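Participant:
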Amino acid sequence: MSLEESKSKFILNEYGVANANATDYPGGFSCEEPWSHSKFQKKFRIEMVRYNKTEMEFDLIGIHAAIANAFRRILISEVPSMAIEKVKIFNNTSLIQDEVLAHRLGLIPLKADPRLFEYKAEADGEPTEQDTLEYELKIKCTWNSSAHKDATHPDDLYRNHNVYSKHIKWIPIGGQADIYKADQVGPVFEDILIDKMRPGHELDIRLLAVKGIGKDHAKFSPVATASYRLLPEITLMKDVEGELAERLQGCFSPGVIALEDNGSGKKRAKVVDARYDSCSRNVYRYDELKDSVKMARVKDHFIFSIESTGALPPDVLFVEALKVLKKKCTTFLDELREACAEK
Amino acid sequence: MRLAELAGDETYGDKSRTFVFQDEGHTLGNALRCIIVRYPEVVFCGYTVPHPAESKMHFRIQTNGPRAVDVLRRGLEDLAKVCDHTTEVFQERMTAFKTANAS
Chain A
1 MSLEESKSKF ILNEYGVANA NATDYPGGFS CEEPWSHSKF QKKFRIEMVR YNKTEMEFDL
61 IGIHAAIANA FRRILISEVP SMAIEKVKIF NNTSLIQDEV LAHRLGLIPL KADPRLFEYK
121 AEADGEPTEQ DTLEYELKIK CTWNSSAHKD ATHPDDLYRN HNVYSKHIKW IPIGGQADIY
181 KADQVGPVFE DILIDKMRPG HELDIRLLAV KGIGKDHAKF SPVATASYRL LPEITLMKDV
241 EGELAERLQG CFSPGVIALE DNGSGKKRAK VVDARYDSCS RNVYRYDELK DSVKMARVKD
301 HFIFSIESTG ALPPDVLFVE ALKVLKKKCT TFLDELREAC AEK
Chain B
1 MRLAELAGDE TYGDKSRTFV FQDEGHTLGN ALRCIIVRYP EVVFCGYTVP HPAESKMHFR
61 IQTNGPRAVD VLRRGLEDLA KVCDHTTEVF QERMTAFKTA NAS
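Listed in order, the protein sequences are those of chains A and B.
Here the first sequence is numbered in the UniProt record's numbering, starting from 1 and rising by one per residue.
Here the second sequence is numbered in the UniProt record's numbering, starting from 1 and rising by one per residue.
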């Protein structure tokens, strides 16, 4: 392993990673080159890979792991979203306990855009139209009088025996009705099963949703998950042909290794796309193949993926996360400025 | 105020300080450290969250010349610039991607 190689890649050996130790301390070789913003700007790239309303994948290239990790951590725990926080239960005769029901309701993702709301100043303060959304869940299970006498299926026997998120009705506070429509603030999915009931069971509940962050409770996290992994790199050190080539192909994820004709009717292995390899070290199980492959991961190439819960599209969430990190910096810069002015 | 200094370094001048960040953790600590540690005049830079139940982050800077506060300020400014640049590049690539896939 050359020095250049160990600077830019993690080498995956049969047992463990060859160069996993940190080198970013004063005097360590990742610190030889001083930090410069213009050099960062030159090196930094983003490549979009996949995008839809709820999910996206992109590559962050030329950035330090600590900063990529800060983006990920902020997405999960510091970008705000709206979630049900207070549940006023007037009647619950169903089998599910009040506190369990309240917890289930809290976890339902809401469509409301958190950027249009304020944080609640006091947890127990009066709800206002700027900081709270109110909903109602009022439903009663009854016998289906028109059911066939031989019917056995609950769907035929009862009415309203399944309570879904679509049964949650929005109640505008103050002038909210002029600003929002019911389908802009309601649950993201209408088919989330909340409760199962039988004739005579009844729910009469008021729900209050507020703005919060994932640090406080996971229900406020705007992402189902945000994660990154390093770009895998697989290099064949020598020609692998025939049966061995097929075995080599089987050692990696589908699509990573292709077999091509070597000109004399034998198959030869070729690396096509290492991107989606799982980096399992299966290949090291075969003594015949061990020395023909080198596995590595590129240190500064992050395959970043964001799955939104549905309130905001994933690209908006990423920009919000960047804003949060910048806000942290500017807050402390302002404090430093004030402290200097006092002295 | 969410930023304070830990006592004990005053007698040795301005070159080394431990800053206490209230309500911050590994997110800011590690990101800031990875930038500040690469300044040539910094001889030590590290952070710790002393106790998981207290939301505090201790951030230490030792230099061979400039004041530790100035280095911290520069670090925060550089991290803010990284955010700005990332936002800019991300939005540019996103618009390009959306227009390319719309047609």
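The beta carbon of each residue, even a glycine, is placed where N, CA and C say it ideally should be.
Quick caveat: nothing in here was measured; it's all calculated off a predicted structure.
Kindly give me the distance between the Cβ atoms of A226 of chain A and I76 of chain A, rounded to whole angstroms, as I take these residues to be in contact under 8 Å.
Facilitator: The pair is a contact, with the Cβ atoms about 6 Å apart (cut-off 8 Å).
Participant: Against R33 of chain B, what residues of chain A qualify as contacts under a CB-to-CB distance less than 9 Å, listed in chain order?
Facilitator: Simply D24 and A66.
Participant: Compare the C-beta of H217 of chain A with all C-beta atoms of chain B and state if any pair is closer than 8 Å.
Facilitator: No - not a single Cβ of chain B is within 8 Å of the one on H217 of chain A.
Participant: Got a sec: is the Cβ-Cβ distance from I74 of chain A to anything in chain B below 8 Å?
Facilitator: Chain B contact via Cβ: present.
Participant: Taking the straight line between their C-alpha atoms, what separation do you get for R38 of chain B and A269 of chain A?
Facilitator: Going by the C-alpha atoms only, they are around 42 Å apart.
Participant: Extract the residue ranges of the beta strand (DSSP E) inside the segment 68-110 of chain A, only unbroken runs of 3 or more that lie entirely within it.
Facilitator: As far as the segment 68-110 of chain A is concerned, its whole beta strand (DSSP E) runs of at least 3 residues are 81-92.
Participant: Evaluate contact between the segment 246-255 of chain A and the segment 184-204 of chain A, counting only Cβ atoms and requiring at least three cross-stretch pairs below 8 Å.
Facilitator: Too few Cβ pairs lie closer than 8 Å, so no.
Participant: Does DSSP put A224 of chain A in a helix, in a strand, or in coil?
Facilitator: A224 of chain A: strand per DSSP, three-state reduction.
Participant: Just verifying my parser: in three-state terms, what is the DSSP assignment at K267 of chain A?
Facilitator: Here K267 of chain A sits in strand by DSSP.
Participant: Give the interface partners of K81 of chain B over in chain A, defined as CB-CB distance under 7 Å, in chain order.
Facilitator: Ordered by position in chain A, the residues that pass the 7 Å Cβ test against K81 of chain B are H37.
Participant: Ignoring anything shorter than 4 residues or poking outside the segment 142-172 of chain A, list the alpha helix (DSSP H) runs there in chain order.
Facilitator: 154-157, all fully within the segment 142-172 of chain A.
Participant: Assuming I74 of chain A and T27 of chain B form a contact by the criterion Cβ under 8 Å, report the distance between their Cβ atoms to the nearest whole angstrom.
Facilitator: Their Cβ separation, rounded to whole angstroms, is 6 Å, which keeps I74 of chain A and T27 of chain B in contact under 8 Å.
Participant: Name, in chain order, the residues that DSSP records as bridge partners for R45 of chain A.
Facilitator: A:I61.
Participant: Compare the C-beta of Q91 of chain B against all C-beta atoms of chain A and say whether one is closer than 8 Å.
Facilitator: Interface residue, yes.
Participant: When DSSP labels each residue in this structure, what does M94 of chain B get in the three-state scheme?
Facilitator: If DSSP states are grouped into helix, strand and coil, M94 of chain B belongs with the helices.
Participant: Which runs of the alpha helix (DSSP H) spanning at least 4 residues fall entirely within the segment 281-305 of chain A, listed in chain order?
Facilitator: Runs found: 287-290.
Participant: In chain B, which residues lie with their C-beta within 7 Å of the C-beta of M48 of chain A?
Facilitator: Neighbours of M48 of chain A on chain B, chain order: R93, M94 and F97.
Participant: Would you report the Cα separation of E260 of chain A and R229 of chain A, rounded to the nearest angstrom?
Facilitator: Taking the straight line joining both Cα atoms gives about 29 Å.
Participant: Does the count of Cβ pairs from the segment 46-54 of chain B and the segment 300-308 of chain A closer than 8 Å reach three?
Facilitator: The segment 46-54 of chain B is not in contact with the segment 300-308 of chain A.
Participant: From the beta carbon of P34 of chain A, is the nearest beta carbon of chain B less than 8 Å away?
Facilitator: Interface residue, yes.
Participant: For D124 of chain A, which of helix, strand or coil comes out of DSSP?
Facilitator: Looking at D124 of chain A - three-state DSSP - the assignment turns out to be coil, as it is neither helix nor strand.
Participant: Roughly how many whole angstroms lie between the Cα atoms of M56 of chain A and T95 of chain B?
Facilitator: Straight-line Cα distance between these residues: approximately 14 Å.
Participant: Does the beta-carbon distance from V272 of chain A to M237 of chain A come in below 8 Å?
Facilitator: For V272 of chain A and M237 of chain A, no; Cβs fall outside 8 Å.
Participant: Can you give the Cα-Cα distance for Y180 of chain A and R33 of chain B, rounded to whole angstroms?
Facilitator: Taking the straight line joining both Cα atoms gives about 43 Å.
Participant: Give the interface partners of C279 of chain A over in chain B, defined as CB-CB distance under 8 Å, in chain order.
Facilitator: Result: empty, since nearest Cβ-Cβ is about 24 Å, beyond 8 Å.
Participant: What number of angstroms, rounded off, separates the C-alpha of E78 of chain A from the C-alpha of H148 of chain A?
Facilitator: Between E78 of chain A and H148 of chain A, the C-alpha separation is close to 54 Å.
Participant: If you draw a straight line from the C-alpha of V69 of chain B to the C-alpha of L3 of chain A, how long is it?
Facilitator: Approximately 35 Å, taken between the alpha carbons.
Participant: When burial is assigned at 16 or more other CB atoms within 10 Å of the CB, is D78 of chain B buried or exposed?
Facilitator: It counts as buried.
Participant: Considering only their Cβ atoms, is the gap separating A311 of chain A from F71 of chain A smaller than 8 Å?
Facilitator: In this structure, A311 of chain A does not lie closer than 8 Å to F71 of chain A by Cβ.
Participant: Tell whether a beta-carbon distance below 8 Å holds between I205 of chain A and P187 of chain A.
Facilitator: No, they are not a contact pair.
Participant: I'd like the span of the beta strand (DSSP E) that includes Q22 of chain B, first residue to last.
Facilitator: Segment S16 to Q22, the beta strand (DSSP E) holding Q22 of chain B.
Participant: Between the beta-carbon of L325 of chain A and the beta-carbon of C45 of chain B, is there less than 8 Å?
Facilitator: Not in contact: L325 of chain A and C45 of chain B (Cβ atoms no closer than 8 Å).
Participant: Measure how close the beta-carbons of F90 of chain B and F59 of chain B come, nearest whole angstrom, since I'm counting them as under 8 Å.
Facilitator: The pair is not a contact, with the Cβ atoms about 27 Å apart (cut-off 8 Å).
Participant: Taking 8 Å as the threshold, find out whether the segment 17-35 of chain A comes into contact with the segment 273-290 of chain A through three or more Cβ pairs.
Facilitator: Flag = no, the segment 17-35 of chain A and the segment 273-290 of chain A do not touch.
Participant: My assumption, with CB atoms under 8 Å, is that A112 of chain A sits in contact with L133 of chain A. Please give the rounded CB distance.
Facilitator: So it is a contact: roughly 6 Å between Cβ atoms.
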